[in-house]
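Here the structure comes first, spelled out in structure tokens, and everything after it is commentary.
Residue numbers (mature numbering (1 follows the signal peptide of the UniProt record, and there is no 0)): -22 to -1, 1 to 121.
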């Protein structure tokens, strides 16, 4: 009788411990690819600075209804949309692209364009520039 009782307790412990062990099989790190490309938003190949590369990381907040001036980037710029809806109009291609929360943007290089908040909420961007050290990556178009 005592043996049956011990076996019952042991079997109960196995049933209780087994689900906990299964939970421990969750990976400690999960990598989820978000975006992959070899071209900018206007189809250009990605070209990086050839010397003295400097990386600058910034955040942008664009209020509802706000429009950025027409500008271009001499070097590669990347942006991740943290919040909001951004419309980007490219004067060279004549196309407008809409980017929403979670989208990743490879901005056009040396092409005049402008961005506008086309939604009701603030647009928040994480922006990464790869430039030649000492240079700027925004050139505003003369009116």
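Cβ atoms here follow ideal geometry from the backbone N, Cα and C, with glycine treated the same way.
Query                                                                                                                                                               : Result
Which whole-angstrom value describes the C-beta separation of residue 39 and residue 92, a residue pair presumed to lie in contact below a C-beta threshold of 8 Å? : Wrong, their Cβ atoms sit about 17 Å apart, outside the cutoff.
Does the Cβ-Cβ distance between residue 58 and residue 84 come in under 7 Å?                                                                                        : no
Count the other CB atoms within 10 Å of the CB of residue 54; is the residue buried (16 or more) or exposed (fewer)?                                                : buried
If you compare alpha carbons, which of 25, 50, 27, 64 is closest to residue 41?                                                                                     : 64
Report the residue from 71, 34, 94, 86 whose alpha carbon sits nearest the alpha carbon of residue 22.                                                              : 86
Considering only DSSP beta bridges, list what residue 117 is partnered with.                                                                                        : 50
Going along the chain, which residues of its own chain have a beta-carbon closer than 8 Å to the beta-carbon of residue 17, five neighbours each way excluded?      : 23, 24, 84
Look up residue 81 in the DSSP assignment and say whether it is helix, strand or coil.                                                                              : coil
By DSSP, does residue 60 sit in helix, in strand, or in coil?                                                                                                       : strand
Which full runs of the alpha helix (DSSP H) of 4+ residues lie inside the stretch 2 to 40, going along the chain?                                                   : none
Using a Cβ-Cβ cut-off of 8 Å (strictly less than) and excluding sequence neighbours within five positions of residue 90, which residues of its own chain qualify?   : 48, 49, 50, 68, 69, 70, 119
Of the choices 110, 73, 99, whose alpha-carbon is the least far from that of residue 79?                                                                            : 99
Note the first and the last residue of the continuous beta strand (DSSP E) segment covering residue 110.                                                            : 101 to 110
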